[in-house]
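**Student:**
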Amino acid sequence: MISPRYAREIPQRYQLVAARCTSCGTIGFPPRRVCKHCRGRQFEPTKLDSDGKILTFTIIRVGADRFSKQTPYAVAVIELNDGTRLTAQVTDCELESLEIGQKVRLVFRKIQEDGKAGILCYGYKAICV
Amino acid sequence: MRDVYVIGAGMTPFGELWNKSIREIFVDAAMLAIEDAGVDHIDSLYVGSMSPGLFVGQEHLGPVVADFLGVTPVPATRVESACASGGVSFRQAFLEVASGVSEIVLAGGVEKMTDGADVTEALATAADQEYEVYHGVTFPGLYAMIARAHMHQFGTTRQQLAEVAVKNHRNGMKNPNAQFRSEITNEQVVKSTMVADPLRLLDCSPVSDGGAGVILASADVAKKMKSRAVKVIASTQASDTIALHDRTDLTTLGAVVRAAEKAYAMAGKKPSDVNLAEVHDCFTIAEIVISEDLGFFEKGKGGEAVEKGLTARECGKIPINSSGGLKSKGHPVGATGIAQIIELYEQLTGRGGERQVKKANIGLAQNMGGSGASCVIHILEAI
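Just so you know, the protein sequences line up as chains A and B, in that order. FYI, in the working numbering the residues of the first sequence are 3 to 131. FYI, in the working numbering the residues of the second sequence are 9 to 391.
(1) Thinking residue 151/B and residue 368/B are a contact (beta carbons under 8 Å), I'd like their distance in whole angstroms, please.
(2) Starting from residue 135/B, follow the beta strand (DSSP E) in both directions and report where the run begins and ends.
(3) Nearest to residue 51/A by CA position, among 87/A, 103/A, 39/A, is which residue?
(4) Residue 166/B versus chain A: which residues are under 8 Å apart at the beta carbon?
(5) What residues in its chain sit with their C-beta under 7 Å from that of residue 178/B, if we drop five residues either side in the sequence?
(6) In its own chain, which residues sit with a C-beta less than 7 Å from the C-beta of residue 43/A, not counting the 5 before and 5 after it?
(7) Which residues, in chain order, does the region 299-321 of chain B contribute to contact with chain A at a C-beta distance below 8 Å?
(8) Name the two residues that bound the continuous alpha helix (DSSP H) containing residue 120/B.
(9) Can you list, in chain order, the residues of its chain whose CB lies under 8 Å from that of residue 123/A, leaving out five sequence neighbours each side?
(10) Considering only DSSP beta bridges, list what residue 66/B is partnered with.
(11) Which residues does DSSP pair with residue 52/B in a beta bridge?
(12) Going by alpha carbons, who is nearest to residue 180/B out of 339/B, 10/B, 230/B, 381/B?
(13) Taking the C-alpha atoms as reference points, what is the distance between residue 93/B and residue 131/A?
(14) So which residues on chain A does residue 152/B lean against when the C-beta distance must stay under 7 Å?
(15) Work out the CA separation of residue 67/B and residue 261/B for me, nearest whole Å.
(16) What whole-angstrom Cβ distance do residue 57/B and residue 31/B have, given they're in contact under 8 Å?
(17) Would you kindly check if the distance between the Cβ of residue 264/B and the Cβ of residue 329/B is under 8 Å?
(18) Could you tell me which of 9/B, 15/B, 37/B, 29/B sits nearest to residue 347/B, measuring between CA atoms?
(19) Name the DSSP beta bridge partners of residue 207/B, please?
(20) Report back the beta-carbon spacing between residue 188/B and residue 116/B to the nearest angstrom; my notes put them in contact at under 8 Å.
(21) Using the DSSP secondary-structure output, state which residues sit across from residue 80/A in a beta bridge.
(22) Report yes or no: is there a C-beta of chain A within less than 8 Å of the C-beta of residue 205/B?
(23) Rounding to the nearest angstrom, what Cα-Cα distance links residue 394/B and residue 41/A in this structure?
(24) Three or more beta-carbon pairs under 8 Å between the region 133-150 of chain B and the region 75-95 of chain A, yes or no?
(25) Which residue comes first and which comes last in the alpha helix (DSSP H) that contains residue 158/B?
(26) Check the DSSP bridge columns for residue 372/B and list the partner residues they point to.
(27) I'd like to know whether the C-beta of residue 116/A is nearer than 8 Å to at least one C-beta of chain B.
(28) What does residue 126/B touch in chain A if you count any residue whose Cβ is under 7 Å from its own?
(29) To the nearest whole angstrom, what separates the beta carbons of residue 81/A and residue 55/A, a pair I think is in contact under 8 Å?
(30) Mind checking which residues open and close the beta strand (DSSP E) that includes residue 111/A?
(31) Since residue 388/B and residue 241/B are thought to touch, with beta carbons under 8 Å apart, how far apart are those beta carbons, to the nearest angstrom?
(32) If we call anything under 8 Å between Cβ atoms a contact, is residue 308/B one with residue 162/B?
(33) Less than 8 Å between the beta carbons of residue 92/A and residue 66/A, yes or no?
(34) Compare the C-beta of residue 248/B with all C-beta atoms of chain A and state if any pair is closer than 8 Å.
(35) Taking its Cβ as the centre, do 16 or more other Cβ atoms sit within 10 Å of residue 391/B, making it buried, or is it exposed?
(36) Can you grab the Cα-Cα spacing for the pair residue 267/B / residue 359/B, in whole Å?
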């Protein structure tokens, strides 16, 4: 990993900004250049609902090297109340008590340290509500 | 489109090939295939390889292997579709012969995974780097999430997952090229080290080195050669969203469903016509889901099917992974798709030895990349 990739301004990662298709209303997260539903090309920014639920999850016991200090940690596929789906870690919880259907909220957290320089990389994680 | 035949095959043993480099592994497999076919030249070659750049620091693999195989200046192309690289390599060779551009093409695959790279990270590049891997997802993690959804929705059990590994090890014991030629028990699987809940170490295919190659040829060439031939009666491919979270149904692999529909239509066959299948059991749950999505079993019944022995080699309704599958045979990712074709070729020509499937006339190979974002399917028929 190299840091310039994460030095870009990434509103979807830091502020949950998605793109709503002005033709059909489908929300693209992350924002797309072409609507996956109607192939429209015009979008308006929209902020995602930060609340949702767990559709499925796992507890990673063996991670890639750059996540090895964090293991074990939970990762889930989450469906937000507006229907958007994404993948995020679930944090500040009892790993063994997680269940499908668990209500969660996305919060701003440190995700990883990048490369040998250890540049801090941020984004969203989920907490149980 | 012209008819296309497989007329020869060869592979290295899969496993930890410490004293061989990636080019040596490929050349060993390719020479076995060329000698098996008995051809004196090839018109071009494809080499499926997922990530030689990350695993051993070598890109531009096409000419590397052509050079050391001694076949320059024939066109030599590396094909990449993550763990489906081998299957896609075969498909490119198929299309080249079918189109009439070439008469004899080598389709190969190779991976060298044990040279010290961070394998977990290298494999994870087949997922969505910015929206899955960034958050710490691993490949066992993605399939673990599919497994949990499948268990939740259909009642698939931990023991049923383990039965896939038990069966594939039992088959692999009879495969001289398999990485793990040892029987395992259901209890050993469910007590092995947890990797990503609910998947444990013995649910996962291993990290492997290995190479495989087959020779494809036109009908004219196939008739002239003394080697045994099987006909390729379907070659199809499909894609799906790169991220697992974007799939409408987390328990179905859409690319497998699409590629299978097209394959059955192209071959003029239905699932019940298939006598044996090699499928992409990178994790035990994958084989269960694929056996449903290929139409062998009703959705949600794949776990029950393996538990009842319906996929066993000896007396199954549809023997799956007679080779030992990725789980026991090993999974050098770029070589896997070709090794699946080799198993079908050997079975359909009656060279399956101790693991020969009875009445093997039609075989299906299903090879998949990522968490199912790409899938390539081939159906072969004995002649």
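A virtual CB, placed ideally from N, CA and C, is assigned to each residue, including glycine. All figures in this text were calculated on a predicted structure; none of them were measured in a lab.
**Tutor:** A quick look at the data gives this:
(1) The sequence position of residue 151/B within the second sequence is 143, counting from 1. The sequence position of residue 368/B within the second sequence is 360, counting from 1. 29 Å between Cβ atoms; not a contact.
(2) Within the second sequence, the letter at position 127 stands for residue 135/B. Segment: none, residue 135/B is in no beta strand (DSSP E) and carries neither H nor E.
(3) Along the first sequence, one-based indexing puts residue 51/A at 49. When only C-alpha atoms are compared, the closest one is 87/A.
(4) Position 158 of the second sequence holds residue 166/B. The premise fails here: residue 166/B is roughly 14 Å from chain A at the closest Cβ pair, so nothing lies under 8 Å.
(5) If you number the second sequence from 1, residue 178/B lands on position 170. Within its own chain, the residues whose Cβ lies closer than 7 Å to the Cβ of residue 178/B, once the five positions on either side in sequence are excluded, are 191, listed in chain order.
(6) On the first sequence, position 41 is the one that residue 43/A refers to. Taken in chain order, the residues that qualify are 36.
(7) Cβ proximity to chain A below 8 Å picks out nothing from the region 299-321 of chain B.
(8) Taking the first residue of the second sequence as 1, we reach residue 120/B at position 112. Run containing residue 120/B: none in the alpha helix (DSSP H); it sits in the beta strand (DSSP E), 112-120.
(9) By one-based count along the first sequence, residue 123/A stands at place 121. If we look at residue 123/A and ignore the five residues flanking it on each side, its Cβ neighbours are 8, 112, 113, 114, 115, 116.
(10) Here residue 66/B refers to the residue found at position 58 when the second sequence is read from its first residue. Residue 66/B pairs with nothing; no bridge assigned.
(11) In the second sequence, counting from the first residue as 1, residue 52/B sits at position 44. Checking the DSSP bridge columns, you'll see residue 52/B partnered with 113/B.
(12) If you number the second sequence from 1, residue 180/B lands on position 172. Out of 339/B, 10/B, 230/B, 381/B, 339/B has the C-alpha closest to the C-alpha of residue 180/B.
(13) Locating residue 93/B in the second sequence gives position 85, where the first residue counts as 1. Locating residue 131/A in the first sequence gives position 129, where the first residue counts as 1. Roughly 43 Å separates the two Cα atoms.
(14) The residue labelled residue 152/B in the question sits at position 144 within the second sequence. Per Cβ cutoff of 7 Å: 60.
(15) Within the second sequence, residue 261/B is the residue found at index 253, counting from 1. Within the second sequence, residue 67/B is the residue found at index 59, counting from 1. Looking at the backbone, the Cα of residue 261/B and that of residue 67/B are separated by about 30 Å.
(16) Looking up residue 57/B in the second sequence gives position 49. Looking up residue 31/B in the second sequence gives position 23. Contact flag wrong, Cβ pair sits at about 11 Å.
(17) Here residue 329/B is taken as the residue at index 321 of the second sequence, counted from 1. Here residue 264/B is taken as the residue at index 256 of the second sequence, counted from 1. Between residue 329/B and residue 264/B, the C-beta spacing is not below 8 Å.
(18) As a first step, residue 347/B is located in the second sequence; it is residue number 339 there, counting from the start. The candidate whose alpha carbon is nearest that of residue 347/B is 37/B.
(19) For this step, residue 207/B is matched to residue 199 along the second sequence. Beta-bridge pairing links residue 207/B to 204/B.
(20) Counting from one through the second sequence, the residue named residue 188/B turns up at place 180. Counting from one through the second sequence, the residue named residue 116/B turns up at place 108. About 23 Å separates the beta carbon of residue 188/B from that of residue 116/B, a gap too long to meet the 8 Å contact definition.
(21) Along the first sequence, one-based indexing puts residue 80/A at 78. Beta-bridge pairing links residue 80/A to 56/A, 88/A.
(22) Translated into positions along the second sequence, residue 205/B becomes position 197. At least one chain A Cβ lies under 8 Å of residue 205/B.
(23) Look at the range of chain B in this structure, 9 to 391, and you will see that residue 394/B is not part of it.
(24) Touching, per the Cβ criterion.
(25) Here residue 158/B is taken as the residue at index 150 of the second sequence, counted from 1. Note, residue 158/B: alpha helix (DSSP H), 147-162.
(26) Counting from one through the second sequence, the residue named residue 372/B turns up at place 364. Within the DSSP secondary-structure output, residue 372/B pairs in a beta bridge with 285/B, 387/B.
(27) Counting from 1 along the first sequence, the entry for residue 116/A is found at position 114. No, no contact with chain B.
(28) By one-based count along the second sequence, residue 126/B stands at place 118. By Cβ distance, chain A contributes 66, 67.
(29) The sequence position of residue 81/A within the first sequence is 79, counting from 1. The sequence position of residue 55/A within the first sequence is 53, counting from 1. About 6 Å separates the Cβ atoms of residue 81/A and residue 55/A, confirming a contact at the 8 Å cut-off.
(30) On the first sequence, residue 111/A is found 109 positions in, with the first residue counted as 1. For residue 111/A, the enclosing beta strand (DSSP E) covers residues 105-116.
(31) Indexing the second sequence from 1 puts residue 388/B at position 380. Indexing the second sequence from 1 puts residue 241/B at position 233. Under the criterion of beta carbons closer than 8 Å, residue 388/B and residue 241/B qualify as touching, at roughly 7 Å.
(32) As a working note, residue 308/B is residue 300 in the second sequence. As a working note, residue 162/B is residue 154 in the second sequence. Contact: yes.
(33) Stepping through the first sequence from its first residue, residue 92/A is reached at position 90. Stepping through the first sequence from its first residue, residue 66/A is reached at position 64. Contact flag unset, no.
(34) For the purposes of this step, residue 248/B is identified with residue 240 of the second sequence, where counting begins at 1. No, residue 248/B lies away from the interface with chain A (no Cβ there is under 8 Å from its Cβ).
(35) If you number the second sequence from 1, residue 391/B lands on position 383. Per the 10 Å Cβ criterion, exposed.
(36) Your numbering for residue 267/B matches position 259 in the second sequence. Your numbering for residue 359/B matches position 351 in the second sequence. When rounded, the distance between both Cα atoms is 28 Å.
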